[in-house]
Structures are given as structure tokens and as C-alpha cells.
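Participant: When we follow numbering that gives the first Met the number 0, the leftmost residue of the sequence shown carries the number 0, and every step to the right adds one.
Virtual Cβ for every residue (Gly too), placed ideally from N, Cα, C.
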Amino acid sequence: MSMTFSQWLSHSSDAEFESFVRTRRDLLQPESPTIGSLAAAASSRVGVARGIEALQAGELDVYIALAVAARTSPEIAVGDNAHIDPARAEATLPRLRDLGLAWPTSGSGAASGSGSGSGDHAALLTAQPVWRIQSEAITLLPTSAADSARTRPWQVDPATVDASTATIGQALIHNSEQAAVAEVISSLRGLVDELSATPISRLTSGGISKRDVSRLARTLDLGLEQTITLLLAAKSLHLIGVLDDALDPQWTAADDAESALSADRAELWAALVGAWLRESLDVTQLAAGASENERLTVLAAPKKSLFKGHGQSVPAMPLLRLTVLDILHDIGLGSARAAGWIHAEVLRRHPMIQAHESAMTDAVLHACVSLGLATTPLQQPDHFGPSRFGVSLAAGLDAALVEHGKEDPSIAPLGVAVDALAVPGDVIVAVSDGLGDEVDTVLIQSDLTAVATGPIEPRVHHILRMYAVVEARGQGTVYRIDAETIEDTMQSGVSAEDALAELAEISAEELPSTLDFLVKNTASKLRRVRVAGARAVLVVDDPVDLDVILSDQAMLPAGLERLAPTVAIAQLGPERTMHLLEAGDHHALLHSATGTVRRRKVITQSEPEVNVRRRPRVSDGHLGEYIRILRSAPTGAQAMTSTDEPLGHMDRLREAAEAKRRVVIRIADSQGRERTIEMLPATLNAGRVRGTVTSTGAEASLSIARIVSVDPS
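#1: Excluding the 5 residues preceding and the 5 following Asp220 in the sequence, name in chain order all residues of the same chain whose CB lies nearer than 8 Å to its CB.
#2: Select from Pro73, Leu65, Ser36 the residue whose C-alpha is nearest the C-alpha of Asp650.
#3: Helix, strand or coil, according to DSSP, for Val468 in the structure here?
#4: Is the distance from the Cβ of Ala259 to the Cβ of Ala253 below 9 Å?
#5: Would you grab the beta carbon distance between Val183 and Leu364 for me? Rounded to a whole angstrom, and I think it's under 8 Å.
#6: Would you list the one or two residues that DSSP bridges to His382?
#7: On a Cα-Cα basis, can you pick out the residue from Ala66, Ala53, Leu319 that is closest to Arg131?
#8: With Ile63 as the anchor, note down where its beta strand (DSSP E) starts and where it stops.
#9: Buried or exposed, going by whether 16 or more other CB atoms sit within 10 Å of the CB of His10?
#10: With Thr228 and Val282 assumed to form a contact (beta carbons below 8 Å), what rounded beta-carbon distance in angstroms separates them?
#11: When DSSP labels each residue in this structure, what does Thr251 get in the three-state scheme?
#12: For Phe516, count neighbouring C-beta atoms within 10 Å of its own C-beta (all shown protein chains included) and say buried if the count is 16 or more, exposed if not.
#13: Specify the secondary structure class of Leu579 as computed by DSSP and reduced to three states.
#14: Leaving aside the five residues before and after Arg653 along the sequence, list all residues of the same chain whose C-beta is less than 7 Å from its C-beta, in chain order.
#15: Confirm, please, whether the CB-CB distance from Phe19 to Arg630 is below 9 Å.
#16: Going by beta carbon distance, what residues of the same chain come within less than 6 Å of Val417, once the five residues before and after it are set aside?
#17: What ranges does the beta strand (DSSP E) occupy inside the region 497–573, keeping only unbroken runs of at least 3 residues that lie completely in it?
#18: In whole angstroms, give me the CA-to-CA distance for Glu574 and Glu581.
#19: Based on the DSSP secondary-structure assignment, which residues constitute the bridge partners of Ala101?
#20: Note down, in chain order, each residue of its chain lying with its Cβ closer than 7 Å to the Cβ of Asp161, except the 5 sequence neighbours on either side.
#21: Rounding to the nearest angstrom, what Cα-Cα distance links Ile480 and Val518 in this structure?
#22: Taking 9 Å as the cut-off, decide whether the C-beta atoms of Ala165 and His382 are in contact.
#23: Given this structure, state the Cα-to-Cα distance separating Trp250 from Arg214, to the nearest angstrom.
#24: My output table needs one value for Val674: the three-state DSSP class, helix, strand or coil.
#25: For a quick check, are the C-beta atoms of His461 and Glu176 less than 9 Å apart?
#26: Can you check which of these residues, Leu679, Arg627, Thr693, is closest to Ala14 by C-alpha distance?
#27: By the three-class DSSP mapping on this structure, what secondary structure does Glu17 have?
#28: Under a Cβ-count criterion, where at least 16 other Cβ atoms within 10 Å of its own Cβ denotes burial, should Gln284 be classed as buried or exposed?
#29: Can you tell me where the alpha helix (DSSP H) with Asp710 in it begins and where it stops?
#30: Closer than 6 Å by C-beta to Ser409: which residues in its own chain qualify, once you throw out the five before and the five after it? Chain order, please.
#31: Roughly how many angstroms lie between the CA atoms of Pro350 and Phe306, to the nearest whole one?
#32: With a threshold of 16 other CB atoms inside 10 Å of the CB of Leu27, please say whether the residue is buried or exposed.
#33: Where are the alpha helix (DSSP H) runs, 4 residues long or more, that stay fully inside the region 342–409, in chain order?
#34: Using CA coordinates, which residue listed in Glu486, Ala315, Ala704, Arg21 is at the minimum distance from Ala667?
#35: Have a look at Ala394, Pro680, Arg49 and flag the residue whose alpha-carbon is nearest the alpha-carbon of Ser312.
#36: Helix, strand or coil for Gly273? Go by DSSP, reduced to three states.
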């Protein structure tokens, strides 16, 4: 008689049982230490899906072959199956058994309660030739004839993969990682500065349009995907938010963004990398403008999942980024591999990952380069190797996940938790030691460019951003002083003397005459018309200028009233009057900058607080006692015939459907009341059995989770 999974657990050897329990720590429940509850958890849809997640590509191919065979017969003679390579099966079956995905149903090891454990793997095919798999696996895996005809995403022809390697010199690694860290911090500061200076309207979906993101990317001289990555990180770090304005909500810098960006650069980099690791969205889909499910906008939370397939215990993008870091770590410092080879390695390690597109892997690799975690050879930009920071980060994350697994065993069998993805302290120290000192002066040249020879202090950067635009970033920064920027700053009330004094304070040499002329010429042009506070009073030097303004139709909403040849009063406030003057191309200047400016509140968006009630798990200290309690449970004839776990129910229902036999099902409703139904099962799918009720002839669909017992009719 073939065994159900709970029966195999009851009669497996001590070593096999302990290996399964230690592999599937996520299934252990302190409140119900019984074989039945353990088998029920392992055979549930979630339990099977998590086990499949932990398989590598070769193991998954073997398991799919077993699932295809199980569609015709629940008992699988592995050695006689022409579609299963014996060598691969020999290497894979112990892993499937440890994950609770398959088990032997005949042979000496299946009927013994003690033994040496897995022993010789060859015995799995000879002494134990018949195996069974979890029924839910058939519905989770591609087992149909149409699926078998398609190439699986993880099946990559080795002949098409560039397996070449390249060498990267230590000097290049050191320079590139330090330049990348300095540049990405400068880019993040520039991004927040741009949103502070020119807020972007928020769409009804909560995000911003691709056109605004493209304009922002051009201003910052960044790629579209890198700009999206920084925007998502800035939102996660609460550096940007939405103005509390019901009429025109806009994305802009947060109230405390300046102080946060002025903090320690290594700490800021660590926060940026941590936000990138935990981000669940894929920048390639956001950059493309649409997904298969819905239209996407940047900074808006999608209403549907971006990926198809069964729900994973770890979101696809954090798992992909962590896997890429692990692969770079394994490549080793000083070496590089092709992007195609890295993508194939990702699919080999995690074939069920929902981020299958090579473009997603390429985007992650380029993000690693921009963050200083990877680098490329000078002559081979399509090859990627780790930096010192990337190697340290990958090793630190692996160690942190191991420690997190001890505290929360539920992350097994994959062993990954998104909330544990944070940059370790030793990596932050290494980054801090590798960064050069920030410069507090710049070289302002006669061609109106200001050059910072290294990472620039935030205070100096903010002064320059008042009068210049960023032209190039890196370990140093090049600013170009722009006439429009100077005019915008001076319109807020900054005098020519104050502007020149601020620039002279941060200049390493005397200001060039070209800059002096530009600032004073702009001031003289603006001084001809000045806008003062109150209800908005216009004061001009020449009465002709006021005549031109009064005759302009665009100024009618201001309701100007002339009080003197050079003075007029408006019915609007100073800010609105300035907007009308600018719309009419009248250059004007606020009379004073000393008045307090009302700042609207910025609301930083954060994820809603969700109180997740975690189920208690068996800790390391109690694991031995838990195993002892499970193994000491009585096993007798009743255990061999009972179907008190969902797997037994599904096995009997599937066998009845194949043999066209009726069964008597005892099922409980939502109030716990039980009733009996005689049914001819037809199909089992997604945790439900569908068939024909004998008494009425009607079609019925029953939840397997509510079934109490299944007996032959």
C-alpha cells in the first residue's frame, strides 16, 4: 500500500525526518506538534509554493518531470520514466524529500523507522523506486502539453551565453567605486534641489508623468532609469513629499531634506542602498510606461502586482538584486563576467523568480555600478565585476540573513527577508574611509564655470545652485553660472552686492570680471521695476515703464491704480503681482527679502502601518524537543489508513477522479457544522475539488481545507 505524506513522516528514518524538519522550519508550529498538522502545512498551496521557490533550475526540471508523470498516476516509478535523467534524479530526490515536495512510497527506507538517513543516494532509485509528490505542485507548475512545448524561461542554451571573463585592475576598482559613491550622493542632492526649486504636479494616481521625469533627467544629466531609481529612493527616505494643497498638490523637497542630505555621506549612501535593495518596483517597467496589467507612473503605488505567477514569499525585485550581488561576490574581486552570463546564473539559482527579463538584470547591474557596488573593464562595458564595497555588502547581507533566520525561522527554506536587507556597519566604515574630504571652495573661471575638485560641501553646493546649474558630476562637480538662474535668485530680493559677496566667499580665487559684469547688469535691469510688500505696490524709476505696465492687458487682473507718476497700487498680493509681471515679460524685483515667506506643509508619503501578527515559531533551543515530541507520537494501523490531513484527502480524491469512482465526503461549514456529500470527483485545482453530486446530479465545488474525511462510496 502506498503512503501518504503524513504516513511517510511517521515511518521515515530519524535522519530523514530531522533533515526535513530543519529544512522546513517555516512549517513548524509550537501550538500543534503533531505529524498531521506538519503534513497539512507542507501539503498546502503556500507550503508547496515556498518549497518550489527554493529549487535551483536543474532540481526544478526534475520536479516538473515528476509533476507531469503524476498527472496520469500518483505513483511515479522514477527509474522507469524516460523523461527523467537517472543521474539528475539521484542528485535531486534527496533535496525534494528534505523540502517535503516528494517522498518514497515503497522500499526498505519507506517502511523503516530508523536507519542511517539518506545514505547512498543510488539507493533512492533502486531500493525506493516509487515516489509521490505533493498534489498542489501539479497546479503550480507548467505541466500541461502546451506548457511542455514551450521553452521555460530558465532554460538557456549554454552555447548562446558569453562565458568569457575579463580582468579589472585594483586601481580602476578603487577609483570607480569612490567616484560612483560621490556622484550618486551628488545626484541625490541635485534631485532634491530640483524638486525644491521647481515642484512637479502630482497626478491623480499619486505619481508624476514620464515627461516630467524625462525633463528632470535631462536637467540632472542622468539616465531615465537612474533618475527613477533615485526618485523611488528619495520617496522611501522621506526626502521628497507632496505639498499640502488641495488645489495643486505638487512633489517637492521635504521640510527636513536639507539637514538629512547634509549628514554623513557614508550614512546617506547606506540609506540609499538599503532603500534600493528593499524597493519592490522594477524601473524597467516604470521607464517603459506600461506593464501588462496597468499603466504605471513614477512614485505611484501600482494597484496590481507587476509580475504573474503564484505569490512569492519574497518580492521579486529585492530577491533579484540580492541574487545579483551574491553572483558578483562569487565572481571575485578583480574579475568580470558578461551580463548575459550573470542573467543565466540568476535563472539557474532562482528559476521561479518572477523577474525573468534580461533587461531587469541589466538594470540592476547598471544600478550596482552607479551605487559603487560593481565596476566594468575599460574596454568591455558589457562585463561586470564587484567592487570592494559590493563584495563586503554581499557577505554582510548573507551573514545578516543567517542571524535573522535564527530569530525568525519562518523565512526558511529560501532564507531571505526583505526587512533584513540593510547595509552592515563595517561596509559603512569602509565607504567612509574610501571617500575623500569635501571641498569648501570652488574655482570660478572667466567662462562662467565653477569647478569643484572633489566632493562638495552641501553649504557650498546650495550657494552655487542659487546662481548656477550643474553641468557634470563625479568625484568633482562642474557648475555653469547661468544668467536666468541669477535673475531668478535676484528676483527674490537678493542684491548684486550680496550675490557677489556669497560667490566670493566660496571662490578659491578673485571673482572674474565677466561674472561681476553679469551680476551687476542683471541687477540694473531688474531694478527698473520693483515690487514692494503690502497689497502690492509698484515703484518705478521712469514713469514710462509704469505707462507700459498699465496699458498691458495681461495686468488687468492686478487692478492697478496709479497713485503717482512712478507709484501704483495693485489689488493683489506681491506674489501674484510678480507672476502677472513675469507673464507679461516685465522684469521686476521684490522690494525686500527680509519678510517671512509662508511655507506650505510638505507631507512625506510612507507605507501604511500594518500590524502583522506573526505566528510563533520553534526556536533553535526548542527544536530538539519539538522533534522528540513529533517522533514520540503513536503510529499504528490508524495512522496507515487515516486521511486526517489535506494531502490524504487530495490523494484519495485524485485517485477517485482517475478511476471514475464515487466517494463520500464529510465537510464542515463556516460555523463548524458537518454534513456528508456523495460525489463523483472530476478535477482538483487551486485547493478545490469539483465534481457531480450523486443525489442531485448538480455540479459542485468544495474547498479541500473544509473537508473532514474522504471515504470510498
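Facilitator: Based on what the coordinates show:
#1: Val469, Glu470, Ala471, Arg472
#2: Pro73
#3: Collapsing the DSSP output to three states places Val468 in a strand.
#4: yes
#5: That pair is no contact at about 15 Å.
#6: Ala337
#7: Ala66
#8: Per DSSP, Ile63 belongs to no beta strand (DSSP E); it is in the alpha helix (DSSP H), 56–69.
#9: buried
#10: 6 Å
#11: strand
#12: exposed
#13: Residue state, collapsed to three classes: helix.
#14: Pro73, Ser134, Leu683
#15: no
#16: Arg277, Pro317
#17: 528–531, 536–539, 560–563, 566–568
#18: Roughly 11 Å between the two C-alpha positions.
#19: Ile132
#20: Ala337, Gly339, Trp340
#21: When rounded, the distance between both Cα atoms is 10 Å.
#22: yes
#23: 14 Å
#24: Residue identity check: residue 674 is Arg in the sequence provided, not Val. Strand at Arg674.
#25: Taking a C-beta distance under 9 Å as the contact criterion, His461 and Glu176 do not qualify as a contact pair.
#26: Arg627
#27: helix
#28: Result: buried.
#29: Counting along the chain, Asp710 falls outside any alpha helix (DSSP H), though it belongs to the beta strand (DSSP E) covering 706–711.
#30: Asp25, Arg616
#31: 14 Å
#32: buried
#33: Runs of the alpha helix (DSSP H) inside the region 342–409: 357–369, 387–406.
#34: Of Glu486, Ala315, Ala704, Arg21, the smallest CA-CA separation from Ala667 is found for Ala704.
#35: Comparing Cα positions, the closest option is Arg49.
#36: helix
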